[in-house]
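Asker: Read in order, the letters of the sequence shown correspond to residues 1071 to 1514 in my numbering. The following block contains the structure, expressed as structure tokens.
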Amino acid sequence: MARSTLGLASAAAFLAASGYTDAFSVPSQSNFVSTKTKRSSFAFPSLLTNNSIRPSTHHSSTSLAVLSKEQALHTAERLAGMSRGEIQHIFEDLDADGSGAIDLAELDLLAKYFPGETFTPEVRAKLMKEIDTDGNGEIDAEEFYQWMVVNAKSDGSADSKGTKQMQMRQARLEVGKDGIDPHLMELLDELGVGAVVQKVTHPLHSAFGRTLYDHFVSCYLISKEWGNPEFVAVANLFHALYQRGDGMRAVDFTEYRPKLQEKLGKDVEQLIYLFPSAHKSALLADGILMAPVGEDIEVPNVLEGGMVTIPKELRPYLVDMEVINSHDQHVLENSNPVHNLWSFYQHATVMPIMSEGARESIIEYQKRGAGASVADVLNWHEGRFADGGKEIPELWQKHLELFRAPDGKFVCVEENLKRLADKDGDGEIDWDEFVSADFQQCFV
């Protein structure tokens, strides 16, 4: 069997030591990791070499050139963790008299959604002025949505009455405010990704009438917002170029590998090359998401056959790329606990090596999965294939074995939680108890 092992780029000094600056203004003191990024037990290594992205002397494109207003709002929703539908539900709750608008008195009701904020009369007046953009003394649904999606962020939880809990952003979210280097935009145009319709290959995703360009740019912007190094964000901008989840290839990778290595740098291209194989392995116990952390892993090479090695130093980047790829397409309104528990378990093993932004999105799945069980997850997946009159593909059969009693690895996780995680003996597993449980023993 053919074997393709991509060695790491030659060791290089950290970005700070090299004094790298570019149009995206990555802080030099960051050691190639944004100051927004926090990792519990793993720090992103520096892989920038002399072949990596060069500092640009051109001005970046404007946000208007990066995404349409509709697609910018789509990305903002992903960063806020709330869809338009969810925000509309909150609006209707605040509109106590059903008038179709929120007045100053009704704005008080917003306080229950932001437990960490104090809604004084001064704060309420300030909010009214900010949200009521036409100055007519009332807030309509569109004004409320436009404000919420860039000023609020889901906490992923609800209070005892089911009220969604949120946080107020310290600064207004401005999607794409720094734009994208024009050389990268020109390359996207050259590759023709704007003419490719985005296709759904995941049971919890929706295409939203988008193109591959919309998806690529949104993934880049999410990666930047989550604090990933610049070369990882650029890899997100082209992540599925060589092969998409449905097998479609936008370009011939054998032709474009040397071209992209020259245009983007070997470190960026290496992640683009590895991503299709990493993505295809996401459902497997020994794949990108569920294999034990801290060591190299081997996965089937979907581009060339045989196996390909994902070095442990690159795995955190590829994990974030996988989470971002999924998060950009995920149906945010989904409150089904079974669906959310499945999404959480898929990612639980690699939470220690994710960026803080990625980890927050996975924690939200866990919070929304309360009350569901591993058996529920298995029954749901088997049922959806049966309802469609389809045989379960081999890849999915292997994945579902992880949820099947008595030997499924997630059955092990669930049993360990019941047996070990409830450290205070109150009969319930709170979040601190949950994250302290040792998932690794189920994946060795």
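Think of the CB as a built atom: it goes at the ideal place given N, C-alpha and C, for glycine as much as any other residue.
Applying the criterion that 16 or more other CB atoms from any shown protein chain within 10 Å of the CB defines a buried residue, is Gly1151 buried or exposed?
Answerer: The residue in question, Gly1151, is buried, as its Cβ has 16 or more Cβ neighbours within 10 Å.
Asker: Measuring straight from C-alpha to C-alpha, what distance separates Arg1319 and Asn1406?
Answerer: About 33 Å.
Asker: Taking C-alpha atoms, which residue in Glu1430, Ile1423, Leu1472 and Thr1281 lies nearest to Trp1412?
Answerer: Nearest of Glu1430, Ile1423, Leu1472 and Thr1281 to Trp1412, Cα basis: Leu1472.
Asker: Name the one or two DSSP bridge partners that Pro1370 has.
Answerer: Bridge partners of Pro1370: Met1377.
Asker: Quick check: Phe1301 and Val1267, are their CB atoms within less than 8 Å of each other?
Answerer: No, the pair does not count as a contact, with Cβ atoms beyond the cut-off.
Asker: How would you write the range of the alpha helix (DSSP H) that Gln1141 sits in, first residue to last?
Answerer: Per DSSP, Gln1141 belongs to the alpha helix (DSSP H) from Lys1139 to Ala1150.
Asker: Start and end of the alpha helix (DSSP H) containing Met1063?
Answerer: Limits of the chain in this structure are 1071 at one end and 1514 at the other, which puts residue 1063 out of reach.
Asker: Pick helix, strand or coil for Ser1347, following the three-state DSSP scheme.
Answerer: Residue state, collapsed to three classes: helix.
Asker: Just the C-alpha distance for His1159 and Val1372, rounded to the nearest angstrom, thanks.
Answerer: Rounded to the nearest angstrom, the two C-alpha atoms are 43 Å apart.
Asker: Within the same chain, show all residues whose beta-carbon is closer than 8 Å to that of Glu1176, passing over the 5 residues directly before and after it, in chain order.
Answerer: Leu1164, Asp1165, Ala1166 and Asp1167.
Asker: Return the residue from the list Gly1458, Lys1437 and Leu1197 that minimises the CA-CA distance to Asp1225.
Answerer: For the residues Gly1458, Lys1437 and Leu1197, the minimum Cα distance to Asp1225 belongs to Lys1437.
Asker: Counting only the same chain and skipping the five closest in sequence on each side, list residues whose C-beta sits under 6 Å from that of Trp1217.
Answerer: Closer than 6 Å at Cβ, skipping near neighbours: Ile1201.
Asker: Take Gly1497 and list the residues in its own chain whose beta-carbon comes closer than 8 Å to its own, dropping the five residues that flank it on each side.
Answerer: For Gly1497, where only same-chain residues beyond five positions count, there are no Cβ hits under 8 Å.
Asker: Within its chain, find whatever has a CB closer than 7 Å to the CB of Glu1208; leave out the 5 residues flanking it on each side and keep chain order.
Answerer: Contacts found: Ala1171, Ile1172, Asp1173 and Asp1202.
Asker: In whole angstroms, give me the CA-to-CA distance for Gly1335 and Ala1442.
Answerer: One C-alpha to the other measures close to 45 Å.
Asker: Should Val1193 and Glu1147 be called a contact, given that it needs their Cβ atoms to be closer than 8 Å?
Answerer: No, these two residues do not count as a Cβ contact at 8 Å.
Asker: To the nearest angstrom, how far is it from the Cα of Asp1494 to the Cα of Asn1306?
Answerer: One C-alpha to the other measures close to 42 Å.
Asker: Specify whether the region 1341-1356 and the region 1455-1475 touch according to this definition: at least 3 beta carbon pairs, one from each stretch, less than 8 Å apart.
Answerer: As far as the Cβ criterion goes, the region 1341-1356 touches the region 1455-1475, which means the pair count is three or higher.
Asker: Assign Glu1484 to one of two classes, buried (16 or more other C-beta atoms within 10 Å of its C-beta) or exposed (fewer than that).
Answerer: It counts as buried.
Asker: Per DSSP, what kind of secondary structure is His1417 in: helix, strand or coil?
Answerer: Correct three-state label for His1417: helix.
Asker: Could you tell me the alpha carbon to alpha carbon distance between Thr1105 and Pro1252, rounded to whole angstroms?
Answerer: Residue confidence is low: Thr1105 scores 31 on pLDDT, short of 50, so the model does not pin down where it sits. Its coordinate-derived value is still stated next. Using only the alpha carbons, I get a separation of about 25 Å.
Asker: With DSSP run on the structure shown, which of helix, strand or coil describes Ser1224?
Answerer: Correct three-state label for Ser1224: strand.
Asker: Can you tell me where the beta strand (DSSP E) with Gln1237 in it begins and where it stops?
Answerer: It spans Lys1234 to Met1238 - the beta strand (DSSP E) in which Gln1237 sits, taken as one unbroken run.
Asker: CA-CA distance, Arg1242 and Asn1221?
Answerer: Approximately 5 Å between the Cα atoms of the pair.
Asker: Would you say Ile1394 and Cys1289 are within 8 Å of each other, going by their C-beta atoms?
Answerer: Cβ distance < 8 Å, so Ile1394 and Cys1289 count as in contact.
Asker: Nearest-angstrom Cα distance between Met1198 and Thr1190?
Answerer: So the two alpha carbons sit approximately 12 Å from each other.
Asker: Compute the Euclidean distance between the alpha carbons of Gln1313 and Asn1486, then round it to the nearest angstrom.
Answerer: Rounded to the nearest angstrom, the two C-alpha atoms are 38 Å apart.
Asker: If we count the other Cβ atoms within 10 Å of its Cβ and call it buried at 16 or more, is Glu1434 buried or exposed?
Answerer: Buried, since its Cβ has 16 or more Cβ neighbours within 10 Å.
Asker: Is Thr1324 helix, strand or coil when you go by DSSP?
Answerer: Reduced to three states, the DSSP call for Thr1324 is helix.
Asker: Taking Ile1201 as part of the alpha helix (DSSP H), name the residues at either end of that continuous run.
Answerer: Unbroken alpha helix (DSSP H) run through Ile1201: Pro1191 to Ile1201.
Asker: Using DSSP with H/G/I as helix, E/B as strand and the rest coil, what is His1309?
Answerer: DSSP places His1309 in coil when its eight states are reduced to three.
Asker: Would DSSP call Val1267 helix, strand or coil?
Answerer: In the structure shown, Val1267 sits in a strand (DSSP, three-state: E or B).
Asker: Is Ile1157 helix, strand or coil by DSSP?
Answerer: DSSP places Ile1157 in helix when its eight states are reduced to three.
Asker: Just the Cα atoms here: how many angstroms apart are Ile1358 and Ser1347?
Answerer: Near 9 Å, if we compare the C-alpha coordinates of Ser1347 and Ile1358.
Asker: Among Asn1404, Ala1440, His1451 and Ser1425, which one has its Cα closest to the Cα of Met1391?
Answerer: Cα-wise, what sits closest to Met1391 is Ser1425.
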